[in-house]
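Numbering (this note's numbering), first residue to last: 1148 to 1605.
From the three backbone atoms N, C-alpha and C, an ideal C-beta is built for every residue, glycine too.
Every value quoted in this text rests on a predicted model; they were computed, and no experiment measured them.
Everything below concerns the one structure shown next.
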Ligand SMILES: Cc1cc2nc3c(=O)[nH]c(=O)nc-3n(C[C@H](O)[C@H](O)[C@H](O)COP(=O)(O)OP(=O)(O)OC[C@H]3O[C@@H](n4cnc5c(N)ncnc54)[C@H](O)[C@@H]3O)c2cc1C
């Protein structure tokens, strides 16, 4: 509960309608795309960096917890206001501030969605490579907060690789500018990267400058089906090892394939164990050579059916299944836990097999979806959190998934962040000296611990 005098001060900072505290509104901001929830005391919808600075000064003075929020699509509880307080939603800050086609960069407000940016720069023949599947709704600030990736990550990397600079408000209200707009910039320590993946713990990002690329002249996708899941996952390392750098290399197991087919009726075979979906881009003649070589590799590894898209329409059709997979799985049961344990590509076969075995052992429905080309697996567990016995099995399975990834030389998250859900597993990766350093960093930037308390290191 925010004391009335403080609430009035906060109301005075934002525009009309920018302070929400009705029970219905608070419920809307109490959860995200994870299974966690907790009510805030108020929600603020600022429209400028300066307003956020004023909000942080008041929050600091009265030690009020502040949870920065974009669209709340994160899958790890990052925007759940664990300790109540204020949610600062950036969605009203959604302008493109500057777009330079000549210099190939754009500076945008943090509440702009990824797709709005893509649509705008595409008019000039440019694109922004990071493409989280949530791009129609997830914001650029949220993409920075989680250091989001997407299917194109195999070739183009994650958000951090494309952020040239940013503006942020610190816990005490100070406004900082990190990085800049130049393609190269090694002036001092890289503060920009510090904020990528910082999950709203170090400051509130209000503007982001990203670099852009020309849209590749051609792209082509190829789909291959396998009777054995090992054959599908072993093919991934063969393709990467062949020297081809695909844009995307996705894997779906039979659980996901069948659920997608149940819902979408797109002709996916039901009697297969795995599917790979691979995209290349660049000069047309080179792409065609690469898809032929990929088809040969898939055949050599036992693929039973291979389809290469010949037109843009066929290209779209091939991707329908992959794009809809999470949505389809989410409709099956009240909860769909989408984890993102990540391993070195050569360990993918062991990881995929291990995930399937863990699902069987705990009698759970687990589908495997993976940005396989960079070892980033997405085990999807569908369950009902209200069923305590089932949920206990879910939690045991998740613990084993993380241990499996670490045993294979991997990590807890490739792109979804730690938030609440993976915090207990941090000691698997961060030992005392590194964890202490994280805490000290937090102490310097947010000594009162008001930014997103209860997450990662506080
Ligand atoms: C259907 C679906 C598909 C998805 N696909 C992908 C995918 O392919 N790849 C991927 O990486 N992720 C994916 N995600 C996860 C999610 O969409 C991403 O993490 C995304 O970057 C979150 O953006 P958002 O605007 O919703 O941020 P939010 O969920 O609102 O916030 C995410 C985190 O960033 C912090 N934050 C938000 N805005 C700011 C800011 N302005 N300043 C500082 N901190 C901030 C929050 O406190 C929180 O910790 C998917 C999610 C769904 C539901």
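Sequence-distant residues of its chain with Cβ nearer than 6 Å to residue i (five each side left out)
{"i": "residue 1320", "result": "1200, 1203 and 1204"}
{"i": "residue 1245", "result": "1254"}
{"i": "residue 1465", "result": "1368, 1370 and 1456"}
{"i": "residue 1490", "result": "1498, 1522, 1552, 1555 and 1557"}
{"i": "residue 1536", "result": "none"}
From the options, residue whose alpha carbon lies closest to that of residue i
{"i": "residue 1478", "options": "1396, 1407, 1441 and 1208", "result": "1407"}
{"i": "residue 1475", "options": "1157, 1403 and 1265", "result": "1403"}
{"i": "residue 1247", "options": "1602, 1359, 1448 and 1598", "result": "1359"}
{"i": "residue 1262", "options": "1216, 1237 and 1284", "result": "1284"}
{"i": "residue 1242", "options": "1473, 1287, 1222 and 1335", "result": "1287"}
{"i": "residue 1317", "options": "1425, 1602 and 1214", "result": "1214"}
{"i": "residue 1562", "options": "1306, 1206 and 1275", "result": "1306"}
{"i": "residue 1252", "options": "1496, 1189 and 1312", "result": "1312"}
{"i": "residue 1337", "options": "1325, 1208, 1149 and 1301", "result": "1325"}
{"i": "residue 1344", "options": "1310, 1363 and 1189", "result": "1310"}
{"i": "residue 1301", "options": "1524, 1394 and 1229", "result": "1394"}
Residues near residue i in its chain [Cβ-Cβ closer than 7 Å; skip 5 each side]
{"i": "residue 1437", "result": "1391 and 1427"}
{"i": "residue 1541", "result": "1484, 1511, 1528 and 1530"}
{"i": "residue 1548", "result": "1486, 1488, 1502, 1505 and 1526"}
{"i": "residue 1416", "result": "1372 and 1452"}
{"i": "residue 1222", "result": "1180, 1181, 1485 and 1563"}
Enclosing alpha helix (DSSP H) for residue i [first to last residue]
{"i": "residue 1438", "result": "1431-1447"}
{"i": "residue 1244", "result": "Taken as a continuous stretch (DSSP letters only), residue 1244 belongs to no alpha helix (DSSP H), being part of the beta strand (DSSP E) at 1243-1247."}
{"i": "residue 1156", "result": "1151-1160"}
{"i": "residue 1384", "result": "1376-1388"}
Reduced DSSP category for residue i - H, G, I as helix; E, B as strand; rest coil
{"i": "residue 1575", "result": "helix"}
{"i": "residue 1358", "result": "strand"}
{"i": "residue 1215", "result": "strand"}
{"i": "residue 1200", "result": "helix"}
{"i": "residue 1458", "result": "coil"}
{"i": "residue 1604", "result": "coil"}
{"i": "residue 1371", "result": "strand"}
{"i": "residue 1451", "result": "coil"}
{"i": "residue 1324", "result": "strand"}
{"i": "residue 1415", "result": "coil"}
{"i": "residue 1289", "result": "helix"}
{"i": "residue 1294", "result": "coil"}
{"i": "residue 1599", "result": "coil"}
{"i": "residue 1428", "result": "strand"}
{"i": "residue 1593", "result": "coil"}
{"i": "residue 1167", "result": "strand"}
{"i": "residue 1303", "result": "helix"}
Within-8 Å CB hit, residue i to chain B
{"i": "residue 1225", "result": "No chain B appears in the structure shown, which is made up of a single protein chain."}
Delimiting residues of the beta strand (DSSP E) encompassing residue i
{"i": "residue 1396", "result": "1395-1400"}
Review point. Along the chain, which unbroken stretches of the alpha helix (DSSP H) at least 4 residues long are found entirely within the stretch 1327-1359?
Key: 1338-1342
Point to revise | Secondary structure, alpha helix (DSSP H): runs of 4+ residues fully inside the stretch 1484-1566 | key: 1495-1508 and 1535-1554
Practice item. Could you name each continuous beta strand (DSSP E) segment of 3 residues or more that falls completely within the stretch 1221-1277, going from the start of the chain to the end? Key: Counting only runs of 3 or more, we get 1233-1236, 1243-1247 and 1252-1256.
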